[in-house]
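Going by this note's numbering, the first residue of the sequence shown is number 67, and it counts up by one from there.
Idealized CB from N, CA, C, for every residue including glycine.
Just so you know, these numbers come straight off a predicted model, no measurement behind them.
Have a look at the structure below before the remarks.
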Amino acid sequence: MGKRKKGIKPVDSKTVRQWALLGRTPLDGAIPSYIWDTFEGPSSIYYLEKDTRDMTQEEYTAFVVDMKGYSERFLKMFSQNWFKIKRGEWHDS
67 MGKRKKGIKP VDSKTVRQWA LLGRTPLDGA IPSYIWDTFE GPSSIYYLEK DTRDMTQEEY
127 TAFVVDMKGY SERFLKMFSQ NWFKIKRGEW HDS
């Protein structure tokens, strides 16, 4: 994984919610393939399949119970590192 790509969103990338509907979730520390950026910061983040994994039953249940909150948690986690990513200072562990 490396820095996020700028420019056109890859056709095969999906949002956290779209992947969750398919039973997948982003890998810990995965860098998005595309970020829909606004003046307020990132509003949607997209991942490629290679940067996701199958959800556990507990994760899938949590998603079904709170679909909107599930996606917003990923956006919040990602936003906490947003300025580091923009400066190229965020690296995978």
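(message) Rounded to the nearest angstrom, what separates alanine 96 and aspartate 132 at their Cα positions?
(response) Within the sequence shown, numbered from 1, the residue matching residue 96 stands at position 30. Within the sequence shown, numbered from 1, the residue matching residue 132 stands at position 66. Those two C-alpha atoms are separated by around 22 Å.
(request) Check lysine 75 in the structure and name its three-state DSSP category. (result) Position 9 of the sequence shown holds residue 75. If DSSP states are grouped into helix, strand and coil, lysine 75 belongs with coil.
(request) May I ask you to list the residues that DSSP assigns as paired with serine 110? (result) The residue you call residue 110 lines up with position 44 of the sequence shown. As computed with DSSP, serine 110 is found in a beta bridge with Trp102.
(message) On the criterion of 16 or more Cβ atoms from any shown chain inside 10 Å, does isoleucine 74 qualify as buried, or is it exposed?
(response) For this step, residue 74 is matched to residue 8 along the sequence shown. Counting Cβ neighbours within 10 Å, isoleucine 74 comes out exposed, since fewer than 16 surround it.
(message) Tell me which residues share the same chain as arginine 119 and place their Cβ nearer than 7 Å to its Cβ, disregarding the 5 neighbours each side in the sequence.
(response) One-based indexing of the sequence shown puts residue 119 at position 53. So the qualifying residues of the chain are Arg90, Thr91, Leu93.
(message) Can you tell me whether arginine 70 is helix, strand or coil according to DSSP?
(response) Within the sequence shown, the letter at position 4 stands for residue 70. Any reading at arginine 70 must be qualified, since the residue scores a pLDDT of 46, below 50, and its modelled position is unreliable; the value itself is stated next. Coil, per DSSP.
(message) Looking at the ligand GDP, does it come within less than 7 Å of phenylalanine 140, judged from the CB to the closest heavy atom?
(response) The ligand GDP is not part of this structure, which contains no ligands at all.
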